[in-house]
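According to this note's numbering, the sequence shown holds residues -18 to 530 in order. In this text, a Cβ means the ideal position worked out from N, Cα and C, and glycines have one as well. Everything numeric in this text was worked out from a predicted model, so none of it was measured.
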Amino acid sequence: MFQKDAVFTHPKGMHIRAAAMVVQKAYEIESMMDTSINIRNQAGREVPATALMAIHSLNIKPGERITIVAKGSNATEAINCFEELLKGDLLPQSNAEMEQVDTILEENMLKADKIFDSIGLGLIVTNTRGIITVCNKIVEDLMGVRKHHIIGNPVQDILPGIDLNSVSHGIGVFGSEESDVQNIVATDINPIFVQGEIVGYTIIFNKNASTAESFTTKTFNLPIRREVSELDKAFSGIIGRSEKLIAALDVAAKAARTSSTVLLQGESGTGKELVAEAIHYASRRSKGPFVTVNCPGIPSTLLESELFGHERGAFTGALYQKIGKFELANGGTIFLDEIGELDKNLQAKLLRVLQEREFERVGGNQVIKVDIRIVAATHRDLNQMVKEGEFREDLYYRLNVLPVTLPSLRERKDDIPLLVEHFLKKLSEKLEKKNKTITKRAIRHLYNYDWPGNVRELENIIERVINMADGDVIDVWDLPQYITGKVIENKQPLINPDVDGELATFDEYEKAIIEMALEKYKSFNAAGKVLGITHKTVAAKARKYGIVE
């Protein structure tokens, strides 16, 4: 295997036709050089270079660094050829290439249609306004109406009683939501996220409730969904639905059924303690104690006594016997947070506890045996620390029995709307404040921020804006300046009376808005996207008001 970093330079990013060109060239290179090629984005997601939808879903931006991975006898040469392709304009160089790219796009569209039709239940996709944009053949059969009479209509016309408002804040509805047409039952209603914004909804439904229930059991209860369903009381505080989070929780749910040592790895603020608690309370030890030790939070001179306890007179000031954390955790779980901060002396003593489940108190010689489960956590790279001699290799392997890597918030940005909704509700109750809502543009700024402090930082920001925002709606100007990137002057009403206290006419306001949008965004298309209207409408109004000729 050979890999090489490259920069994707196409000015429009990995749009669908650029992705098709990449796929077409990848096919050529793979067949000529007997080599397979994958592309990995900065978040670590790796997909085959010949898979159109997978490549497009990486959402690679202009100037973004990617990794090309090749396997085969000519891997180096294949990567060099592929890198040259990425440096180009990704335009077909001949009619033959154009036809090949069109064929790839057409085949993938046909595959998507076949997948939709093979689901076996009705599938409808809508935009944010509830207008149907896609439906499969089962919808035609259930409704007795041809597809072209369904697409373009409001979903309420097809499925009266379906309420998309119940998922408008990013929380999907799962179960049953009966419509008024032919006993139709919606088994799954979920928002579609693109870059942190809801861009539409999917609705899956059936004519027969019992069939729908059977489908739900077979199709939606994937392993992690089944685990979270069974262990919902323990895992209910973990919010999100991203692939990386689901994969981590899948391992955590399996770990909960064992007594093996777990090592939680992830940046600060990713929820390691929350997952450790969930593992404990979902395990057979749930009725036993859950004891937390914050290793860097205790001075190194006191940490040994804190962990193992001490006898009376063991050192100056030890006026009484003290029970240590390991003894307190007997019959339950001990959570060693930031274990990478332990010094070498304590690492050796911890190794004995892991191996033998026994120790002596400081100043004592009586061997104390304990029945404990150890869950450790760190934000540091213990493997690298082992190589640098900072962490014992034997202890690392004892801890790393069941590793669980929690993704950073940067790697699961599509969870931001869900987390914001959760924190708004939770913190409003805690602070005894009126529930607030948040605008889409504020969510967009949260989405574009890098989140070095992860979920903990997001929670702190939501608590801050709940306390500081004046109105019931949180907007961009309520967010910290380091998130928005600039000082945003708000606090002035969008519509102001003139000096005589009179309002301007609607046309005057509309003209001013169109002028401002065109001055800032320079094109009808860009201005239309911001204003929520088509570029044709922007152009027509600009001509109407004499802004352009």
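- Task: Pick out the complete beta strand (DSSP E) segments inside the segment 373 to 405, 3 residues or longer, and give them in chain order.
- Result: 383 to 386
- Span separating the alpha-carbon of N416 from that of T(-10): Start at 1 with the first residue of the sequence shown, and residue 416 comes out as number 435. Start at 1 with the first residue of the sequence shown, and residue -10 comes out as number 9. Roughly 44 Å separates the two Cα atoms.
- Item | Distance between beta carbons of T48 and D(-14), contact taken as under 8 Å | Taking the first residue of the sequence shown as 1, we reach residue -14 at position 5. Taking the first residue of the sequence shown as 1, we reach residue 48 at position 67. About 5 Å separates the Cβ atoms of D(-14) and T48, confirming a contact at the 8 Å cut-off.
- Query: Taking buried to mean at least 16 other C-beta atoms within 10 Å of its own C-beta, is K522 buried or exposed?
  - Reply: Taking the first residue of the sequence shown as 1, we reach residue 522 at position 541. With 16 or more other Cβ atoms within 10 Å, it is buried.
- Would you give the residue range spanned by the alpha helix (DSSP H) that I320 belongs to? On the sequence shown, position 339 is the one that residue 320 refers to. Run containing I320: none; DSSP gives neither H nor E here.
- Message: If you measure between the beta carbons of V457 and L400, is that distance less than 8 Å?
- Response: Walking along the sequence shown from the start, residue 457 turns up at place 476. Walking along the sequence shown from the start, residue 400 turns up at place 419. The beta carbons of V457 and L400 sit no closer together than 8 Å.
- Message: Using the Cβ count rule (16 or more neighbours within 10 Å means buried), how would you classify D318?
- Response: By one-based count along the sequence shown, residue 318 stands at place 337. Classification of D318: buried, given that the 10 Å Cβ count is 16 or more.
- The beta strand (DSSP E) enclosing L104, as first and last residue numbers: For the purposes of this step, residue 104 is identified with residue 123 of the sequence shown, where counting begins at 1. Where L104 is concerned, the enclosing beta strand (DSSP E) stretches over 103 to 108.
- Identify the continuous beta strand (DSSP E) that holds N275 and give its terminal residues. The sequence position of residue 275 within the sequence shown is 294, counting from 1. For N275, the enclosing beta strand (DSSP E) covers residues 271 to 275.
- Cα separation between N506 and I179? On the sequence shown, residue 506 is found 525 positions in, with the first residue counted as 1. On the sequence shown, residue 179 is found 198 positions in, with the first residue counted as 1. Approximately 21 Å between the Cα atoms of the pair.
- Item | Straight-line gap, F196 to I185 (C-alpha atoms, nearest Å) | Working through the sequence shown from its first residue, we reach residue 196 at position 215. Working through the sequence shown from its first residue, we reach residue 185 at position 204. Confidence in F196 is poor, its pLDDT being 33 and thus under 50, which makes the residue's placement unreliable; the coordinate value appears in the next sentence. Each residue's alpha carbon lies about 10 Å from the other.
- Minimum length 4: unbroken alpha helix (DSSP H) runs contained in the segment -16 to 52: -3 to 14, 33 to 38
- Message: So if DSSP puts C116 in a beta bridge, which residue, or which two residues, is it bridged to?
- Response: Within the sequence shown, residue 116 is the residue found at index 135, counting from 1. Answer is I105.
- Can you say whether G298 is buried or exposed, counting buried as having 16 or more other CB atoms within 10 angstroms of its CB? Residue numbering aside, residue 298 sits at position 317 when the sequence shown is read from its first letter. So G298 ends up on the exposed side.
- Item | Bridge partner(s) assigned by DSSP for K216 | One-based indexing of the sequence shown puts residue 216 at position 235. The residue you asked about is not Lys; residue 216 is Phe in the sequence shown. DSSP lists no partner for F216.
- Query: Taking the alpha-carbon positions, what's the N187 to I119 distance?
  - Reply: As a working note, residue 187 is residue 206 in the sequence shown. As a working note, residue 119 is residue 138 in the sequence shown. Computed Cα separation, rounded: 9 Å.
- Integer-rounded CB distance, given that K306 should sit under 8 Å from I320: Locating residue 320 in the sequence shown gives position 339, where the first residue counts as 1. Locating residue 306 in the sequence shown gives position 325, where the first residue counts as 1. Between K306 and I320 the Cβ distance is about 13 Å, and since that is not below 8 Å, they are no contact.
- Item | Separation of D396 from K303, as counted between CA atoms | The sequence position of residue 303 within the sequence shown is 322, counting from 1. The sequence position of residue 396 within the sequence shown is 415, counting from 1. Distance between the alpha carbons of K303 and D396: 44 Å.
- Item | contact_flag[the segment 54 to 65, the segment 3 to 22] where n(CB pairs < 8 Å) is 3 or more | In this structure the segment 54 to 65 lies against the segment 3 to 22, because at least three pairs of beta carbons, one per stretch, are closer than 8 Å.
- Excluding the 5 residues preceding and the 5 following T465 in the sequence, name in chain order all residues of the same chain whose CB lies nearer than 7 Å to its CB. Your numbering for residue 465 matches position 484 in the sequence shown. Same-chain partners within the cutoff: H426, V457.
- If we ignore side chains and look at the alpha-carbon of each, how far apart do L460 and R422 end up? The residue you call residue 460 lines up with position 479 of the sequence shown. The residue you call residue 422 lines up with position 441 of the sequence shown. Approximately 11 Å between the Cα atoms of the pair.
- Give me the Cα-Cα distance between L284 and L327, rounded to the nearest whole angstrom. For the purposes of this step, residue 284 is taken as residue 303 along the sequence shown, with counting starting at 1. For the purposes of this step, residue 327 is taken as residue 346 along the sequence shown, with counting starting at 1. For L284 and L327, the distance between alpha carbons rounds to 8 Å.
- Message: Under DSSP, the beta strand (DSSP E) around R354 begins and ends at which residues?
- Response: Numbered from 1 along the sequence shown, position 373 holds the residue referred to as residue 354. Its beta strand (DSSP E) spans residues 354 to 359.
- Could you tell me whether the segment 231 to 248 touches the segment 258 to 273, where touching means 3 or more Cβ pairs closer than 8 Å? yes
- Task: Might you give, ordered along the chain, the residues of its own chain that have their beta carbon closer than 6 Å to the beta carbon of P29, omitting 5 neighbours on each side?
- Result: Your numbering for residue 29 matches position 48 in the sequence shown. Excluding residues within five positions, the ones whose Cβ falls inside 6 Å are N19.
- Inter-residue spacing [alpha-carbon to alpha-carbon] between I132 and S223: Here residue 132 refers to the residue found at position 151 when the sequence shown is read from its first residue. Here residue 223 refers to the residue found at position 242 when the sequence shown is read from its first residue. Roughly 29 Å separates the two Cα atoms.
- Message: Give me, in chain order, the residues of the same chain whose beta-carbon lies closer than 7 Å to that of V511; leave out the 5 immediate sequence neighbours on both sides.
- Response: Counting from 1 along the sequence shown, the entry for residue 511 is found at position 530. Excluding sequence positions up to five before and after V511, its CB lies within less than 7 Å of the CB of A498, Y502, all in the same chain and listed in chain order.
- Task: With a threshold of 16 other CB atoms inside 10 Å of the CB of S210, please say whether the residue is buried or exposed.
- Result: Position 229 of the sequence shown holds residue 210. The pLDDT assigned to S210 is 42, lower than 50, so where the model puts this residue is not dependable, and the model offers no usable value.
- Buried or exposed by the 16-neighbour rule on C-beta atoms within 10 Å, applied to G221: Working through the sequence shown from its first residue, we reach residue 221 at position 240. With 16 or more Cβ atoms within 10 Å of its Cβ, G221 is classed as buried.
- Task: Confirm, please, whether the CB-CB distance from M(-18) to N40 is below 8 Å.
- Result: Taking the first residue of the sequence shown as position 1, residue 40 is located at position 59. Taking the first residue of the sequence shown as position 1, residue -18 is located at position 1. In this structure, M(-18) does not lie closer than 8 Å to N40 by Cβ.
- Determine, using beta carbons only, whether G294 and E308 come nearer to each other than 8 Å. Here the question's residue 294 lines up with position 313 in the sequence shown. Here the question's residue 308 lines up with position 327 in the sequence shown. At the C-beta level, G294 and E308 stay beyond 8 Å of one another.
- Taking only the alpha-carbon atoms, compute the straight-line gap between E292 and T251 and give it to the nearest angstrom. As a working note, residue 292 is residue 311 in the sequence shown. As a working note, residue 251 is residue 270 in the sequence shown. Roughly 38 Å separates the two Cα atoms.
- Message: Comparing C-alpha positions only, which one of T386, E440, Y463 sits nearest to L230?
- Response: For this step, residue 230 is matched to residue 249 along the sequence shown. The shortest C-alpha separation from L230 is found at T386.
- Task: Using three-state DSSP, classify Y182 as helix, strand or coil.
- Result: Locating residue 182 in the sequence shown gives position 201, where the first residue counts as 1. Here Y182 sits in strand by DSSP.
- Out of curiosity, what's the CA-to-CA distance linking N441 and L408? Numbered from its first residue, the sequence shown carries residue 441 at position 460. Numbered from its first residue, the sequence shown carries residue 408 at position 427. Roughly 10 Å between the two C-alpha positions.
- If you count every other CB in all the chains shown that lies within 10 Å of the CB of G151, and 16 or more means buried, which is it? Numbered from its first residue, the sequence shown carries residue 151 at position 170. Low confidence applies to G151: its pLDDT is 47, below 50, so where it sits in the model is not reliable, and the reading given next is rough at best. When all chains shown are included, G151 counts as buried.
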